[in-house]
Structure formats: C-alpha cells, structure tokens
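Those protein sequences? They're chains V and S, same order as listed. Each number in this note's numbering corresponds to the 1-based position in the first sequence with 107 added. Each number in this note's numbering corresponds to the 1-based position in the second sequence with 107 added. Don't be surprised by glycine CBs; every beta carbon is placed ideally from N, CA and C. See below for the structure under consideration.
Protein chains: 2
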Amino acid sequence: MREITLKEIAETLGISITTVSKALKNYPDVSEKTRKSVIALAEKLQYTPNSFAVNLRTKESKTIGLIIPEVVHHFFSNVINGIIAQAEKNGYLVIILQSNESLELEKKQVELLINKRVDGILMSLSNDSNDENHIKEILNRKIPFVQFDKISKLIPSSKVIINDQRAAMDAVQHLINKGCKKIAHIRGPINPQNAIDRFLGYKKTLEKNDIPFDSKLVYTCTHVTFEEGVEFAKQIIEEHPDVDGIFVITDLVAVGVLAHFNEKNIPVPNQIAVIGFSNWFMSQVINPKLSTVDQPSYEMGVAAFNLLLEEMICHKDALPFKPRTVELGTNIIERESTLRK
Amino acid sequence: MREITLKEIAETLGISITTVSKALKNYPDVSEKTRKSVIALAEKLQYTPNSFAVNLRTKESKTIGLIIPEVVHHFFSNVINGIIAQAEKNGYLVIILQSNESLELEKKQVELLINKRVDGILMSLSNDSNDENHIKEILNRKIPFVQFDKISKLIPSSKVIINDQRAAMDAVQHLINKGCKKIAHIRGPINPQNAIDRFLGYKKTLEKNDIPFDSKLVYTCTHVTFEEGVEFAKQIIEEHPDVDGIFVITDLVAVGVLAHFNEKNIPVPNQIAVIGFSNWFMSQVINPKLSTVDQPSYEMGVAAFNLLLEEMICHKDALPFKPRTVELGTNIIERESTLRK
DNA sequence: AATACTATCGAAAACGTTTTCGAAATTACC
DNA sequence: GGTAATTTCGAAAACGTTTTCGATAGTATT
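Right under this line is the structure:
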C-alpha cells in the first residue's frame, strides 16, 4: 500500500491537484459538486496530508520545544502535564528535552530545537545558567520564546512566574504567627532567581518583625536533595539548639529535615516548626504532615503555553509582540508541621 | 536577516546547488578545493539545513512519538528520562503525549502521531485498553513500534518488560520466608497485563508453599492511589484481623497502607509485614521504610528506544524485522516493613 | 593519436503541498 | 445581442533539499 496524495485523488477524479487541495480546505472557488466528490474519495482512501510537505510549504510544524532541568521532579512533571494538555488542545505537539541542570547540555539542546525549526520554545533555566548567549540566539532568530519558573530577568521574553519573594514572606510570617522566634532558612543554590527571591523574602520578613537577621542561620543547598535536608537538620540542631522554626526551599528537602527530627525524636512542630515549598504530593503523606506553600504547577504549564501561542500567532502574521509576564498566585497550606498550640 | 539556503551559498560561490549539497555531505565527487570553500562559507553564514525540506526529501524526521498513561508518575517519568537520553544520543527527538489512562485519548494520540509521520512510536498502554484497532493501524502502516511496561500480548511487536509474575513470586516468597502465614494482596485493575501477572505470581507462590488461596484476601484497585491504600488497609484489618502480610501492587498504594497502620498504631512489620512494588523514591523515606521490588525504569526506557532504533533502521533499508522481547531483571529490596524478628 | 578512464561538476527531477493569477465558462444585466 | 460580472477551474511557481545521471575536461594507456 502506497501513500495517498493529492495527486492520486486528482487523477482518479480527473481533476487538478489544485482543485483537490482547495476542496479539502474549503476554498470558496470550488463547486459544491466537486467538493463533495473530493471529500468522499479522500475519506474513502483515508487521505491525510503529508505533514512534511505542509511544514515545508507553510514554514511551520505545529510543534514546540520544551527544555527543563529534569523530568523526574514532581513540580516539573506537573508543569509538563499542563503544557502537553494545553498544547494538544490547540493543535500543537511538544518535544521535551532535559538539561540535567547543565549549561553545556542546555546550549546543545537549544541548538537542536533551533535546527529542528520548532514553532516556539518553552524553557526553565538550569541552575548554572549564568551565560545567556544561547538564549540570545533564540531571540535573535525571532523564535517565539517563553520562560517559566526558573527564569533570568536579564532576558527580555515573556515569563510565567510566581512571586517567590512574597510567597516566602507569607511562609516566614506564618512561622512567626505561630510563635517562632528564631527561624533558620535552608535555601536553594546561589544562582537561580527563585532561590534568591525566597531568601530575600525570608530576610525581609524577619526585619519587618524586628527579628535580627543572622546569616549563620542560612544554609545553602547545592543539589536540593532529601539527603541535604537530613544533613542540614542535623547541623541546625547542633549549631543552634534554640532554633524553633525552619523555612525550607522545597518540600523534598523539608521531608529530609522531618526525617532527621523523627529519628532524633525532636518534636515537630512544638520544638521546631517546619514549612516547605511547592506542595509536593508526598508532603501530606509524611508524618507529621508538612505545611507548605502551594505552587500552581499545572496552571503554570497552561499559562506558559498560552503566552507562547500568542507570540507564535503574532510571529506568523508578522505582527509586533510585546513580552508579557504572568504572575501566578500561591497559598500557604497549613498542616501539622506548623500546628503549634 | 533571511534564512541561509544552499542556493544562497551556491550563488555567492558561483557554483551549483548540487555541488554545495554534495560538498557539505562529503560526497567523493567534489574537489578538495571547492569542498573547503563551501564549508568555510557555510560556517561563516551559520548555515543549517532546513529540516522541513530534509524531512520531505528523505521521508524521515528523526523524531519519535511516546505515549504513556501519565507523566506525573515516578516510574514513568524515569522511563521518559531514559528514552529522551538514549534518543538524543542517537540523534532523535521525542514527542510526548499522555493518555491519562483513557482509551479514547490514546486512540486520538496514535492518530496524531501517525499524521505527524514520526519515525517510530513507543507506547505503554492505558489501563482500559481492551480494543487494539488503533495499534493494529500502526502495524498496518509499518510504522516501527515498541511496547513497554504495560503491554498487550496480543500485539505482535517488540516489547520491553519485566517478568512481573516472577517478581511477584519473589515478593510473596519473601513475606513467607519472614514467617507470614496469611497474606493478602492489593492488586491493580482488571485489564493490565502486569496486574494480572503479579496476581498470578501471588497465587502461585501461595500454592507452592501449601498456603490456601482465598479470593477474599484479594483487593482490587481501580485508580491505584494512596487513598485506595488507606481504604484497603482499613478493610483488611476489619475483615481479616489475622492477616500478617500484604503484597501491594505498587509503592504508592503501599504507602497508603502504611499511613493507615501508623495512624491506628498497628505495628509493621511485627503484626503485619508489607511489601510494595517498583522502588519509588519515597518508599525509603517513609516510616517504616518500605520493602519493595526494584524495577529498572531508566533502563527500560533505554532498552525500548534501542529496540525501536533497530526496527527503524531495518524499516529505512527495507529489511525485514522480527519483533523481539527484552526482559529486564528485578530485585527484592528489603527494608523495615518486612524486617521481622 | 585514438581510446579508455577518472575527476569534477551541474541540470533536472522528485518529495507533496499551498497559493497566486489568469483563463474559461457560465450567468446576469441593460 | 452585447457587455459585465460571477463562478469554477487549473497551470505553474514556490518551499529547500537530495540524488541520479549525463556532460565535460583532463589524464593515462596503448
């Protein structure tokens, strides 16, 4: 069985390729009679347009690229979920690549996607992205581009973010409202904007409440793992036994903290309250249940695609497009790990 | 700035498009001198071939499709990881779609990928895939196709699986070796082959050890959630208070079981031992740490892509290809939840 | 000097679609 | 009956690449 083409249909019907194409695309200048016969035959033969030819002709592939630090991550896999769903709803497919938090890989993958001529690129930066030349290249080529979650403020593109600083302020204020007087912070790596913002939110909230900021109470993750949570929990208890609250960069690390405290029989939340970030599924399963900041991951994927779509449409029609930033809301979720009397 | 094409290079160099193309692809019938000049200019202009045109001409896109039940799932996201990595290593990109365990969506997505003319398709079936017509369509069109994890034995394609029955036998035997006499099973949904196989493994192992099989001790998940684990744990305790071991279809559900037992202060493993399946990251974090069956997810992705690649190469060269099945090994991981004295 | 062979190049077709533009045929209008 | 307007169609170009096959020029062989 060979491929069905417009030519094939045209020949069996004794008409031109042009007319067949027009009939299938509802052009007005083809009679009702021929349109019907074309559509009938096309359905009978199960004709589907050769997408390679369509791509070449229309210069678009209805495919977008997505680069994220890692797929195996509850937050990102939820974002992926939202992106795929929204893309599919709008007739787009998604090619996914992961940078494994490596700038080198990230660069290579941007190049892959550019060469593939995807219609647009969605991206969350890797932690050691301090060089932006590869991103500039995307913008130079006028490829529609949207950043989400881990973004660089230096790059003039659309962005989807949460207000990390405000969310962190909410979290720390929550601890203070629960009576915490000496609050430690386990922060993310140096580079990423959201780790910086959460740290700033922590610091500001202390100051606002007349609690002195002490840089010794800040612990910096390098790999953001469960094990780091365990290790920092241990250090905090040893170095600052009077700490009564911890704000942790993300739930995974916070769960590590809880695990250590459980093992050492340190009562949470009564001796130390703990609040995490991003409302990982697991945080409501662990004991004690972890209070956290809910971060709308699926919605972030949807919003990111929507922004990209807008830009792709403008790009196609050669209209100007002004980058926009969408900021999504967050909520404190109070569970057992901050439920002090 | 406009797109650089072969024509552009040819004109500035005063030679034909043919020669430029050949020079860049190292054809033997172009002189060293012209080859050098072509390559030099191509690099200077940053020429990259228009992939749309290449696709049309070569009838391949170096892109494969992947359909899985859900992205947000520790096992599948690890498989995705392996597939993407191995594909990239071999010059392929991956389009990911998720069926959300819906046959309807699955059918639509197969159609999307066929129309997109991907070079091959990788797939793990959704739970209610009892109709195979859409898969047959893939095979009819001779599109390279590999199933993994959740497969249908009725479909003659390459497959990557684990030996679910044997793995289940190992797990149940482990419980028996630990002294369990009355073992319940929380099984997966009716349809999927691996749920069936694990159930059969459970049943056979009981028989082999002269423990009577009792269908009342088998509980069937419909959605395979944490909540189902909680609920079934409750039922088991109420209906069969003398059960001393449970083999659970997957870790997520097993964690639900442990959560309920923790709440009710039922000692695990001493009153009831629990073993899960697939070595979720979380199972070593929960208290008590969950014994489980380790399932090589990343490796499964790599193996699936490798099989697909073999088939794609044969397909391109019009060579015959015989479907193969790769079976990956599993290991019992003994942790606290089965550590009885 | 005629022949055979090699090295180097390019014309042209092909992949299958979309879209412009003009031609032909039909209908409407005065 | 003549002109104008409308309807319906198709030729052809274009998208950018790959590859076949033939042509030309130069070199080597008798």
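Reference S138 of chain V; option with closest CA among V:A149, V:T126, V:A147, V:E441: V:T126
Closest Cβ-Cβ distance between M389 of chain S and chain V: below 7 Å? yes
Contact check, Q205 of chain S vs E177 of chain S under 8 Å by CB: the rounded distance? 5 Å
Contact list for the stretch 308 to 321 of chain V against chain S, Cβ threshold 8 Å: none
On the DSSP bridge list, what partners appear for K266 of chain V? V:Q254, V:T432
Considering H292 of chain S, what are the terminal residues of the beta strand (DSSP E) in which it resides? 290 to 294
Contact set for T155 of chain S: own chain, Cβ-Cβ below 7 Å, skip 5 residues either direction: none
Taking one C-beta from the stretch 235 to 246 of chain S and one from the stretch 229 to 236 of chain V each time, how about it: are there three or more such pairs within less than 8 Å? no
Three-state secondary structure assigned by DSSP to N298 of chain V: coil
Residues bridged to A380 of chain V by DSSP? V:G352
Where G286 of chain V sits in the DSSP three-state scheme: coil
Can you check whether the C-beta of I439 of chain S is within less than 7 Å of a C-beta belonging to chain V? no
Measuring from the CB of R142 of chain V, is there a heavy atom of the ligand PLP at a distance below 6 Å? This structure does not include the ligand PLP; it has no bound ligands of any sort.
Suppose the cutoff is 7 Å on Cβ atoms and the five residues either side in sequence are ignored; what does the same chain contact list for Q216 of chain S look like? I174, L204, S206
T141 of chain V versus Y134 of chain V: straight-line alpha-carbon distance, rounded: 12 Å
Using 8 Å as the threshold, is the stretch 269 to 287 of chain V in touch with the stretch 305 to 321 of chain V, meaning 3 or more CB pairs across them? yes
Can you round the beta-carbon distance between Q300 of chain V and K243 of chain V to whole angstroms, since I take them to be within the 8 Å contact cut? 18 Å between Cβ atoms; not a contact.
In the DSSP output, what is D401 of chain V paired with across the bridge? V:N438
Which term fits R305 of chain V, buried or exposed, when burial requires 16 or more other beta carbons within 10 angstroms of its beta carbon? buried
Rounded Cβ spacing between N386 of chain S and V179 of chain V (contact assumed at less than 8 Å): Wrong, their Cβ atoms sit about 13 Å apart, outside the cutoff.
Could you check what DSSP says for G308 of chain S in three-state terms: helix, strand or coil? helix
Chain V partners of K223 of chain S, CB-CB under 7 Å? S158, L200
Mind listing which residues of the stretch 344 to 359 of chain S have their C-beta closer than 7 Å to chain V's C-betas, in chain order? none
Inter-residue spacing [alpha-carbon to alpha-carbon] between I293 of chain S and L210 of chain S: 24 Å
Counting only beta-carbon atoms, is N372 of chain S nearer than 7 Å to chain V? no
Answer yes if the stretch 364 to 379 of chain S comes into contact with the stretch 425 to 434 of chain S, meaning at least three C-beta pairs across the two stretches below 8 Å, and no otherwise. no
Could you check where the beta strand (DSSP E) with L229 of chain V kicks off and where it finishes? 227 to 230
Hey, how far is the Cα of V364 of chain S from the Cα of I343 of chain V? 33 Å
Quick one: using the 10 Å Cβ neighbour count with 16 as the cut-off for buried, is N284 of chain S buried or exposed? exposed
Give the residues from the stretch 406 to 431 of chain S that approach chain V closer than 9 Å (Cβ to any Cβ), ordered along the chain. none
Along the beta strand (DSSP E) that carries I175 of chain V, what are the first and last residues, could you check? 170 to 175
Distance between F252 of chain S and V433 of chain S (C-alpha atoms, nearest Å): 14 Å
Inter-residue spacing [alpha-carbon to alpha-carbon] between Q272 of chain S and L261 of chain S: 18 Å
Any chain S beta carbon closer than 7 Å to V179 of chain V: yes
Less than 7 Å between CB atoms is the rule here; does I203 of chain V satisfy it with respect to chain S? yes
Pull up the CB-CB distance for L397 of chain V and R442 of chain V, whole angstroms please, since I reckon it's below 8 Å. 6 Å
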